[in-house]
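Undergrad: Those protein sequences? They're chains Y and D, same order as listed. Per the working numbering, the first sequence starts with residue 29, numbered consecutively. Per the working numbering, the second sequence starts with residue 29, numbered consecutively.
2 protein chains.
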Amino acid sequence: MNGRSALRLAKLQEALASGGTLHLRDAAELCDVSEMTIRRDLTTQPTAISLLGGRLVMANYPGVTPIYDLTEQQASHYQAKYRLCQRAIAYIEEGDTLFIDCGSTLMPLLSQLSHFHELTVVTYALNVANAVAALPNVRLVLLGGLFYAASQSFGSDNMAAAIERLGINKALISAAGVDLERGVSCFHFHEVAPKQAAIATAMQRLLVVDASKFGVVRPAYFAALDDFDVVVTDEEGAPQLLKSNSRVVPEIVIPSVTVA
Amino acid sequence: MNGRSALRLAKLQEALASGGTLHLRDAAELCDVSEMTIRRDLTTQPTAISLLGGRLVMANYPGVTPIYDLTEQQASHYQAKYRLCQRAIAYIEEGDTLFIDCGSTLMPLLSQLSHFHELTVVTYALNVANAVAALPNVRLVLLGGLFYAASQSFGSDNMAAAIERLGINKALISAAGVDLERGVSCFHFHEVAPKQAAIATAMQRLLVVDASKFGVVRPAYFAALDDFDVVVTDEEGAPQLLKSNSRVVPEIVIPSVTVA
DNA sequence: GCGTTAATGTTAAAATTATAACATTTAGTG
DNA sequence: CACTAAATGTTATAATTTTAACATTAACGC
């Protein structure tokens with residue numbers, strides 16, 4: 029009977045909603061059925077709950093335990109991101125107030141922040157906030173507003189004003205496209221205001237992008253390349269790539285491009 | 029050698045920072061050691077990573093997969109919370125703009141919101157935001173500010189103003205203490221401003237508390253009991269309990285207390 | 001270099017979890 | 001009421017994960 033199966037799953041989902049895991053054994057007891065029935069519910073019905081080594085967890089929980097495992101390839105693709113952030117972290121100093129942009133690029137940076145004694149992170153991204161909230165040594169300021177699921181970030185009218193009120197030391201900005209002529213761009217328009225405000229306020233502006241973004245233009249323009257003090261990227265030939273992909277660029281001076 | 033173990037864990041933690049799980053096998057390969065060494069790292073060193081059925085997950089991820097399992101007792105204690113929220117949800121209607129307070133009381137309510145077609149949730153709590161962010165049918169407005177880990181919520185100067193700008197329909201407020209004479213109170217002072225602003229703005233004010241909070245006074249007072257239109261609680265004798273625990277209360281009229 | 005100790009690897013056994021097959025119960029139908 | 005089919009339970013078996021013991025390797029001091 030399909031209906032009862034759905035009821036059980038709803039019950040379990042509600043039990044898991046506030047976080048945590050539930051052992052299959054406990055789940056079975058909670059629903060007063062056998063473990064096998066719970067297993068069958070999970071495989072038969074489409075559900076947000078997944079079974080991980082005998083324990084039920086919410087699969088869709090943000091940043092949480094997704095169904096997909098990081099395979100080796102993903103892990104090595106992660107390596108690239110990680111190295112990129114390793115270079116970026118060289119610019120961070122004790123006591124800094126950092127603006128951290130949304131997206132996945134800067135995520136590997138965050139866990140590294142635990143090595144510092146005291147930092148402040150300003151962000152408008154939920155995934156960034158979650159990662160930073162777990163760090164006891166880092167003060168977190170989240171700029172709220174209406175949530176945009178696509179970028180896991182918030183947008184609001186007075187975000188620019190809120191950013192300008194903060195004493196941001198260094199802005200770490202990510203981008204989806206970088207072109208010498210057409211400038212630096214991203215996908216979502218609501219990201220433009222916070223990025224621009226951070227660039228305007230910060231004492232030091234770092235653009236953190238992997239080389240695959242060079243020569244690419246995305247819908248939302250938010251800065252010229254020379255608005256940044258430093259461009260942190262991952263390939264040796266990145267500056268050349270940047271030049272070759274755009275047309276005429278004699279007068280534009282690339283800032284100090286960091287290449288390990 | 030302790031140092032290398034820590035290095036490996038750092039590497040793995042960074043790999044997991046952006047969410048996801050890593051199979052023990054892949055973790056071992058990533059670090060170029062045997063699975064056994066990873067196991068030992070995990071048991072020897074204190075770390076935020078936990079092993080769940082052969083997969084590495086971040087244990088401290090907010091609302092995420094904590095190390096503790098919900099035992100039966102916790103699950104049944106959850107039952108109480110769940111029933112409380114079941115009563116609260118009766119007041120929610122299609123299209124509502126809800127203010128959801130911080131704390132764990134209202135968490136079971138959130139997954140129930142998926143049954144509606146369209147809702148808006150306003151909150152200043154990170155755990156609430158995370159749960160709501162996963163719901164495609166609910167618009168999320170997060171009120172940001174400085175993060176307070178103790179209550180998983182944010183505080184800022186202009187939060188009251190931000191709340192008053194929003195058209196909040198119903199405010200669902202939780203509390204740590206309710207006393208007829210001394211009013212409604214919570215633990216943290218930074219919660220007072222948002223709670224009061226929500227109470228001031230909302231068209232309908234619901235206090236959602238289990239009966240164990242009656243007769244209790246906590247440091248931060250934020251409202252009188254009759255500031256609320258509805259008190260949702262879980263025990264039959266709750267209103268009586270409320271009366272008996274305070275001293276003289278002839279003139280105070282308890283609003284419509286919901287008891288199933 | 002040698003001996004010592006910590007770190008890591010290997011292997012086998014134990015415990016747990018997953019899968020499959022078949023038995024039993026329950027709900028619905030004529 | 002008997003019959004059918006879906007749902008659930010039970011059991012055995014396979015696969016995986018965990019634990020423990022011992023072997024091997026690497027680091028360090030003298």
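Note that CB positions come from ideal geometry on N, CA and C, so glycine has one too.
If I follow the unbroken beta strand (DSSP E) through L168 (chain Y), where does it start and stop?
TA: First-last of the beta strand (DSSP E) with L168 (chain Y): 166 to 170.
Undergrad: Which chain D residues are close to Y110 (chain Y), counting only those with a beta carbon under 8 angstroms from its beta carbon?
TA: Under the 8 angstroms cutoff, chain D gives E42, A43.
Undergrad: Taking Cβ positions only, does R115 (chain D) come closer than 8 angstroms to chain Y?
TA: Judged by the 8 angstroms Cβ criterion, R115 (chain D) is not in contact with chain Y.
Undergrad: Can you find the residues in the same chain that come closer than 7 angstroms, C-beta to C-beta, to L138 (chain Y), ignoring five residues on each side of it along the sequence?
TA: Once the five neighbours on either side are set aside, the close Cβ partners of L138 (chain Y) are V156, A159, V160.
Undergrad: Let me check one thing: in DSSP terms, what residues is M23 (chain Y) bridge-paired to?
TA: Past the edges of chain Y, shown from 29 to 288, lies residue 23 (chain Y), and the structure says nothing about it.
Undergrad: Thinking C-alpha only, which one of Y:Q140, Y:I128, Y:G81 is nearest A118 (chain Y)?
TA: The candidate whose alpha carbon is nearest that of A118 (chain Y) is Y:Q140.
Undergrad: Just to confirm the assignment: which complete alpha helix (DSSP H) runs, minimum length 4, are found wholly within the region 173 to 228 of chain D?
TA: Whole alpha helix (DSSP H) segments, 4+ residues: 187 to 193.
Undergrad: I need the boundaries of the beta strand (DSSP E) containing R67 (chain Y), first residue and last residue.
TA: Run containing R67 (chain Y): none in the beta strand (DSSP E); it sits in the alpha helix (DSSP H), 63 to 72.
Undergrad: For I117 (chain Y), which three-state DSSP category applies?
TA: Here I117 (chain Y) sits in helix by DSSP.
Undergrad: Going along the chain, which residues of its own chain have a beta-carbon closer than 8 angstroms to the beta-carbon of F215 (chain Y), five neighbours each way excluded?
TA: Within the same chain, F215 (chain Y) has close Cβ partners A178, S179, A204, R246, P247, A248.
Undergrad: For L44 (chain Y) and I77 (chain Y), what's the separation of their Cα atoms in angstroms?
TA: So the two alpha carbons sit approximately 9 angstroms from each other.
Undergrad: What would DSSP say about A43 (chain D), mapped onto helix, strand or coil?
TA: Three-state DSSP puts A43 (chain D) in a helix.
Undergrad: Which of the three DSSP states, helix, strand or coil, is assigned to H51 (chain Y)?
TA: Looking at H51 (chain Y) - three-state DSSP - the assignment turns out to be strand.
Undergrad: Compute the Euclidean distance between the alpha carbons of A226 (chain D) and D124 (chain Y), then round it to the nearest angstrom.
TA: Roughly 34 angstroms between the two C-alpha positions.
Undergrad: Using the beta-carbon of each residue, which ones in chain Y are nearer than 7 angstroms to A157 (chain D)?
TA: By Cβ distance, chain Y contributes L154.
Undergrad: When the Cα of F256 (chain Y) is compared with those of Y:V212, Y:E219, Y:S240, which residue comes out closest?
TA: Ranking the options by Cα distance to F256 (chain Y), first place goes to Y:V212.
Undergrad: Three-state secondary structure (DSSP) at V260 (chain D)?
TA: Correct three-state label for V260 (chain D): strand.
Undergrad: Looking only at its own chain, which residues have a Cβ that is under 8 angstroms from the Cβ of A153 (chain D), when we skip the five neighbours before and after it?
TA: Only I128, D129, C130, G131, S179, Q180, S181, F182 meet the Cβ criterion.
Undergrad: Name the two residues that bound the continuous alpha helix (DSSP H) containing V149 (chain D).
TA: Per DSSP, V149 (chain D) belongs to no alpha helix (DSSP H); it is in the beta strand (DSSP E), 147 to 151.
Undergrad: Which residue from Y:V150, Y:T49, Y:M135, Y:H218 puts its Cα closest to that of I196 (chain Y)?
TA: The candidate whose alpha carbon is nearest that of I196 (chain Y) is Y:V150.
Undergrad: For the ligand GTP, is there any heavy atom lying closer than 7 angstroms to the beta carbon of L35 (chain Y)?
TA: Looking at this structure, you won't find the ligand GTP or any other ligand, since it has none at all.
Undergrad: What does V169 (chain D) touch in chain Y if you count any residue whose Cβ is under 8 angstroms from its own?
TA: Going along chain Y in sequence order, the residues near V169 (chain D) (Cβ under 8 angstroms) are G172, G173, L174, F175.
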